[in-house]
Amino acid sequence: MRDRSEGGVPPPLPWEWLPDPQPPEGAEPWDTRLERIMAAADPGLRGLRTRSAAAGTSWSVFGLWWKPAAALAAAAIALPLLIGPPTVSEPRTEGLSLSLIAAEGDPVTLWGAFGIPADPVLARIAFQGQRNRAGQGVTPVKLERENR
Amino acid sequence: MATGENPRDGSEEPLQAEPDEDLARRVQRGERDAMEQLVRRYLRPIHAVAASYLSEPMDVEDAAQESFLRMLGAIEAYDPRRPFAPWLYQIARNIARKRLAARFRWREELPSGELPSRQPGPDEVLERSDVRARVDAAIARLPERQRTAFRLCDVERYPTGDVARIMGLSAGTVRSHVHHARRALRAALAEGGKEAKNRRIVP
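Residue numbers (my numbering), protein chains in the order written: chain A, 43 to 190; chain B, 225 to 427.
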């Protein structure tokens, strides 16, 4: 049989030579087949609905808050690392209340601990005044800056 | 929903049909109407795919139904980012091949997907002309993809684009398969009579 193709493309075979096509869409056999398939599929679809609903009641609700909670936890951990440990500020020398615990302590050294170069005589006088007041039951003692 | 007439068969179809992948997502949640839409959309072409492998109408019917049930069973593993039609087509193709192998008790993979020949049974009646019988036999010996593409395009008259989408091929590849099939069939007819021994009888 001669191939009367044009441009190398073989033409379709005559319709009457080919197998019968299926009924067109919308014809009755398809509705019957569809019903049969859906009836067989119903149990599987029920299972999918059950599993989908179970996943929706637990994990999806969990998902509503776990993200912000995780973000807050991460911030709580990261913030101190970024800011660093708190530093103790230098104690102010004015108005500093100090309880004298070392009767034998050198007053000059004591003032020096606060960065105040103390006059040995005046420091001793202030120290002695503190001791007298401590003996009268007045504590804590407020060191005054005598050295000017 | 607005509808339009299908130029192929006059049926009414929604002009803005929901994409297959969206329907598949809904089937993953067990939505029955989504499943029904997919079955309605692909029942006829999947039947045609099964018919390109199987000759018995009941085998074709069972294979098509099993394809959709197997699809449903695997729907949770389906990735909606991938096209749905080729996935369904592969399921249908595998089922049809297995049924074909089981029916003829072939233990090995069919080389090139060729359908086996068989002798007509006593209850089978040859109703077609000799030409049709020879065409049937020649179709049965086509390579798998050529046979399916030829069946969907030339027999069932699906547009090339639809066939390409279902088979997961390019339109050019589908046209190539169809053209090769036509040439092979015409050559087989030109030989005349040589396919009598491998005649595939269709009631």
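Where a beta carbon is used, it is the ideal one built from N, C-alpha and C, also for glycine. Since we're looking at a predicted model, the values are computed, not measured.
Whose C-beta lies closer than 7 Å to the C-beta of P71(A) among residues of the same chain, with five residues either side of it excluded? Indexing the first sequence from 1 puts residue 71(A) at position 29. Within the same chain, P71(A) has close Cβ partners P65.
When the distance is taken between beta carbons, is A320(B) closer than 8 Å to A287(B)? Translated into positions along the second sequence, residue 287(B) becomes position 63. Translated into positions along the second sequence, residue 320(B) becomes position 96. Cβ atoms of A287(B) and A320(B): closer than 8 Å.
Say whether chain B places a C-beta atom closer than 8 Å to the C-beta of E67(A). Against the first sequence, residue 67(A) aligns to sequence position 25. True, the Cβ-Cβ gap to chain B drops below 8 Å.
CA-CA distance, Y266(B) and W311(B)? Here residue 266(B) corresponds to residue number 42 of the second sequence, with the count starting at 1. Here residue 311(B) corresponds to residue number 87 of the second sequence, with the count starting at 1. If I take the Cα positions, the gap works out to 12 Å.
Is Q370(B) buried or exposed, if buried means 16 or more other CB atoms sit within 10 Å of its CB? As a working mapping, residue 370(B) is identified with position 146 in the second sequence. Q370(B) comes out buried.
Would you report the Cα separation of S154(A) and T129(A), rounded to the nearest angstrom? If you number the first sequence from 1, residue 154(A) lands on position 112. If you number the first sequence from 1, residue 129(A) lands on position 87. Position check: residue 154(A) holds Gly in this sequence, whereas Ser was assumed. Rounded to the nearest angstrom, the two C-alpha atoms are 22 Å apart.
Proximal chain A residues relative to M391(B), where beta-carbon distance stays under 8 Å: Translated into the one-based positions of the second sequence, residue 391(B) becomes position 167. Result: empty, since nearest Cβ-Cβ is about 17 Å, beyond 8 Å.
Chain B contact for A81(A) (CB, 8 Å cutoff): Here the question's residue 81(A) lines up with position 39 in the first sequence. No, A81(A) does not count as interfacial toward chain B.
Look up F308(B) in the DSSP assignment and say whether it is helix, strand or coil. Numbered from its first residue, the second sequence carries residue 308(B) at position 84. DSSP places F308(B) in helix when its eight states are reduced to three.
Endpoints, alpha helix (DSSP H) assigned at F292(B): Position 68 of the second sequence holds residue 292(B). Counting along the chain, the alpha helix (DSSP H) containing F292(B) begins and ends at P281 to G297.
For L87(A), go through chain B and note every residue whose CB falls closer than 9 Å to its CB, in chain order. As a working note, residue 87(A) is residue 45 in the first sequence. Here the neighbours are V251, G254, E255, R256, M259 and L296.
Per-residue DSSP class, three states only, for T129(A): In the first sequence, counting from the first residue as 1, residue 129(A) sits at position 87. Three-state result, T129(A): coil.
Please state whether the Cβ-Cβ distance between Q252(B) and L87(A) is less than 8 Å. Here the question's residue 252(B) lines up with position 28 in the second sequence. Here the question's residue 87(A) lines up with position 45 in the first sequence. No, the pair does not count as a contact, with Cβ atoms beyond the cut-off.
Applying the criterion that 16 or more other CB atoms from any shown protein chain within 10 Å of the CB defines a buried residue, is E415(B) buried or exposed? Within the second sequence, numbered from 1, the residue matching residue 415(B) stands at position 191. E415(B) should be labelled exposed.
What's the C-alpha gap between P307(B) and V263(B)? Taking the first residue of the second sequence as position 1, residue 307(B) is located at position 83. Taking the first residue of the second sequence as position 1, residue 263(B) is located at position 39. C-alpha separation (whole angstroms): 16 Å.
Nearest-angstrom Cα separation, counted from R407(B) out to P52(A): Counted from its first residue, the first sequence places residue 52(A) at position 10. Counted from its first residue, the second sequence places residue 407(B) at position 183. Each residue's alpha carbon lies about 6 Å from the other.
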